[in-house]
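Shown next, in structure tokens, is the structure this report addresses.
In my numbering, the protein residues as written are 1 to 83.
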């Protein structure tokens, strides 16, 4: 059988009852960055404005698509008015 390799560390005596304290020095955690506080009304206003614009754009796109599908041409030279 092979003999175990010698180690350079000293063995630890766990029966001595001596409490060992860690000697690692640790830096305190960095302070937290202050967060920008925004008023809820400002957030709600921008959300409502974006929602209204998206909804209006969707209605315009649907109307244009329906008019193209139904055959309506928006050029004025093909529209004749009879008075």
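Glycine residues also receive a C-beta, built at the ideal position from the N, C-alpha and C atoms.
So, helix, strand or coil for residue 25, using DSSP? The residue you call residue 25 lines up with position 25 of the chain shown. Coil at residue 25, not helix or strand.
Rounded straight-line distance, which links the Cα of residue 67 to that of residue 58: Numbered from 1 along the chain shown, position 58 holds the residue referred to as residue 58. Numbered from 1 along the chain shown, position 67 holds the residue referred to as residue 67. Residue 58 and residue 67: Cα-Cα distance of roughly 14 Å.
Measure the alpha-carbon distance for residue 14 versus residue 8 and round it to whole angstroms. As a first step, residue 14 is located in the chain shown; it is residue number 14 there, counting from the start. As a first step, residue 8 is located in the chain shown; it is residue number 8 there, counting from the start. Cα-Cα distance, rounded: 18 Å.
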